[in-house]
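If you read the protein sequences in the order shown, they are chains A and B.
Residue numbers for the first sequence follow my numbering, so the first one is 9 and each next one is one higher.
Residue numbers for the second sequence follow my numbering, so the first one is 4 and each next one is one higher.
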Amino acid sequence: MSPESSICFELKVISPTRLLTEAKVTEVQVPGLDGYLGIWPGHRPLNTCLSRGEITFKTTDNREERITIKGGLMKVEATKILIMADLDEHDRS
Amino acid sequence: MSTIIDLRRRIQSVRNSQQVTQAMKTVATSRYRRAQRQVVARRPFWHTLPELVISLTQEMSLEEHPYLQVRPEKKVVAVIITSDKGLCGAFNSNLLTTAASFLNEKRKNSQLAIIPIGKKAVNFARNLPWPVAASYSDGVEKKITAISRSLNRYLDYEFTRQNVDAVYLLYNEFRSIAAPRITISRLLPVTADSSGQPGGQLEPLWEQRASTIINYLLKFYLQAQVEHSLLESQAAEQAARMMAMENASRNAEELISDLVLLLNKMRQAAITKELLEIQTTVEALR
Numbered sequence: 009m010s011p012e013s014s015i016c017f018e019l020k021v022i023s024p025t026r027l028l029t030e031a032k033v034t035e036v037q038v039p040g041l042d043g044y045l046g047i048w049p050g051h052r053p054l055n056t057c058l059s060r061g062e063i064t065f066k067t068t069d070n071r072e073e074r075i076t077i078k079g080g081l082m083k084v085e086a087t088k089i090l091i092m093a094d095l096d097e098h099d100r101s
Numbered sequence: 004m005s006t007i008i009d010l011r012r013r014i015q016s017v018r019n020s021q022q023v024t025q026a027m028k029t030v031a032t033s034r035y036r037r038a039q040r041q042v043v044a045r046r047p048f049w050h051t052l053p054e055l056v057i058s059l060t061q062e063m064s065l066e067e068h069p070y071l072q073v074r075p076e077k078k079v080v081a082v083i084i085t086s087d088k089g090l091c092g093a094f095n096s097n098l099l100t101t102a103a104s105f106l107n108e109k110r111k112n113s114q115l116a117i118i119p120i121g122k123k124a125v126n127f128a129r130n131l132p133w134p135v136a137a138s139y140s141d142g143v144e145k146k147i148t149a150i151s152r153s154l155n156r157y158l159d160y161e162f163t164r165q166n167v168d169a170v171y172l173l174y175n176e177f178r179s180i181a182a183p184r185i186t187i188s189r190l191l192p193v194t195a196d197s198s199g200q201p202g203g204q205l206e207p208l209w210e211q212r213a214s215t216i217i218n219y220l221l222k223f224y225l226q227a228q229v230e231h232s233l234l235e236s237q238a239a240e241q242a243a244r245m246m247a248m249e250n251a252s253r254n255a256e257e258l259i260s261d262l263v264l265l266l267n268k269m270r271q272a273a274i275t276k277e278l279l280e281i282q283t284t285v286e287a288l289r
């Protein structure tokens with residue numbers, strides 16, 4: 009664990025059509041290509057592809073939220089997680 | 004007498020045109036709002052994607068992906084995006100003028116092919132000496148996903164097989180309502196500009212092979228880029244049409260007020276003349 013690792017990090021989930029979530033979170037679970045991955049604060053930087061499944065995360069005020077994705081890409085940095093998600097969305101509105 | 008009637012008719016016809024322009028303005032406004040909403044909603048993705056591509060290619064420090072290969076530009080494809088319909092001021096003509104000079108510049112060293120999107124671009128390409136690789140028109144706004152997908156497939160195929168060395172995208176970028184900005188951007192090869200700072204202190208882990216990730220990302224990137232520019236162009240088009248129709252309505256208003264003034268003067272002149280006649284007759288009878 010890196011020393012400056014705080015108790016939370018910033019999660020940003022973006023789809024091609026919009027910004028899905030921007031939140032401070034304490035815990036994230038994502039569907040990796042080989043099964044679910046859990047990311048906690050202090051995780052080491054990581055780049056990975058995601059498969060179809062559900063992203064689950066817990067915000068700092070202890071709410072749990074889910075987002076269903078079709079695939080995507082995750083980039084974990086010291087205090088930031090960025091997920092480019094591909095969704096089943098065809099809304100053109 | 005007949006001129007007064009003519010004048011009335013003219014006023015009526017200007018009024019009719021004004022109604023039409025006003026209606027078109029209303030339609031353009033609502034379309035513009037929708038397009039703008041889409042563009043704005045997509046911006047977060049837009050701002051992150053290039054960053055991500057750059058930072059990933061840097062970390063990967065290998066440039067073996069075909070999209071990243073920079074070759075001498077022997078064969079160039081220019082994708083030109085305009086609107087299907089006119090009546091939007093200088094929106095299309097400005098872009099096409101820029102496109103013409105861009106193509107003239109490029110023809111010196113490379114072989115050209117053109118992909119026009121939108122009726123105006125298709126007509127423009129018809130008069131050019133270069134081959135048209137593909138063209139899309141009629142209801143472009145309803146087929147954005149389909150167009151970007153098919154274009155993506157085509158470009159991917161040609162570029163990976165080195166049939167094409169560079170792809171340029173020419174379109175109107177939506178900046179503000181007042182004026183769109185003509186943008187020429189290079190779609191392929193993707194250039195990772197190396198000015199950015201290196202990432203964190205820790206070497207990131209790569210869950211998969213770096214090339215898998217970059218493959219995934221670049222596939223995403225190309226399609227999203229095309230889709231994005233189509234949307235930008237659309238928002239800009241509607242904004243331009245809105246402005247054009249606004250101006251047309253205003254001009255019609257001015258014309259009407261001029262004509263009405265003229266009409267009133269003529270009517271007054273006719274009345275005065277008649278009065279004068281009556282008076283002269285009365286004088287004569289006395």
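Cβ atoms here follow ideal geometry from the backbone N, Cα and C, with glycine treated the same way.
7 Å is my cut-off, CB to CB: does residue i come that close to chain B?
i, result
"Arg26(A)", "yes"
"Ile22(A)", "yes"
"Ser13(A)", "Here Ser13(A) scores only 48 on pLDDT, less than 50, and its place in the model should not be relied on; the value that follows carries that caveat. It does not; no Cβ of chain B falls within 7 Å."
"Leu19(A)", "no"
"Asn70(A)", "no"
"Cys16(A)", "no"
"Leu58(A)", "no"
"Leu54(A)", "yes"
"Leu95(A)", "no"
According to DSSP, is residue i helix, strand or coil?
i, result
"Ile281(B)", "helix"
"Ala124(B)", "helix"
"Asn166(B)", "coil"
"Arg184(B)", "strand"
"Gln15(B)", "helix"
"Ala213(B)", "helix"
"Gln114(B)", "strand"
"Thr68(A)", "coil"
Please say whether residue j and residue i have beta carbons closer to each other than 7 Å?
i, j, result
"His309(B)", "Ile217(B)", "In this structure chain B extends from 4 to 289, so residue 309(B) is not present and cannot be described."
"Lys78(B)", "Val167(B)", "yes"
"Val17(B)", "Ala273(B)", "no"
"Tyr35(B)", "Gln165(B)", "no"
"Asp18(A)", "Lys88(A)", "Strictly speaking, residue 18(A) in this sequence is Glu, with Asp absent from that position. Against a cut-off of 7 Å, the Cβ pair of Lys88(A) and Glu18(A) comes out as a contact."
"Tyr224(B)", "Cys57(A)", "no"
"Lys32(A)", "Thr68(A)", "yes"
"Ala238(B)", "Ala38(B)", "yes"
"Arg60(A)", "Lys83(A)", "no"
"Trp1(B)", "Ile120(B)", "Because chain B in this structure spans residues 4 to 289, residue 1(B) falls outside the shown range and cannot be described."
"Tyr171(B)", "Ser236(B)", "no"
"Val229(B)", "Leu154(B)", "yes"
"Gly142(B)", "Ala243(B)", "no"
Quick one: give me the first and last residue of the beta strand (DSSP E) that residue i is part of.
i, result
"Phe177(B)", "Neither: Phe177(B) is in no beta strand (DSSP E) and is coded neither H nor E."
"Asn130(B)", "It is not in any beta strand (DSSP E) - Asn130(B) carries neither H nor E in the DSSP assignment."
"Gln37(A)", "Leu27 to Gly40"
"Tyr44(A)", "Gly43 to Ile47"
"Arg74(A)", "Glu72 to Ile77"
"Ile22(A)", "Phe17 to Ile22"
"Gly142(B)", "Here Gly142(B) belongs to no beta strand (DSSP E), and DSSP marks it neither H nor E."
"Ala81(B)", "Lys78 to Ile84"
Answer with yes or no whether the minimum CB distance from residue i to chain A is below 7 Å.
i, result
"Ile216(B)", "yes"
"Trp2(B)", "The shown model of chain B, from 4 to 289, leaves out residue 2(B), and the question about it has no answer."
"Arg45(B)", "yes"
"Gln21(B)", "no"
"Ala299(B)", "Only positions 4 to 289 of chain B appear in this structure, which leaves residue 299(B) out of reach."
"Trp133(B)", "no"
"Leu208(B)", "yes"
"Tyr219(B)", "yes"
How far does the alpha helix (DSSP H) with residue i in it extend, from its first residue to its last?
i, result
"Ala93(B)", "No alpha helix (DSSP H) holds Ala93(B); DSSP gives it neither H nor E."
Quiz item: Counting Cβ pairs, one atom from each stretch, are 3 or more of them under 8 Å apart for the segment 73-89 of chain B and the segment 252-270 of chain B?
Solution: no
Exercise. Would you check if the segment 84-95 of chain B and the segment 44-60 of chain B touch, i.e. whether three or more CB-CB distances between them fall below 8 Å?
Key: no
Self-check item: Cβ contact check for the segment 95-102 of chain B and the segment 147-164 of chain B: 3 or more pairs under 8 Å
Solution: no
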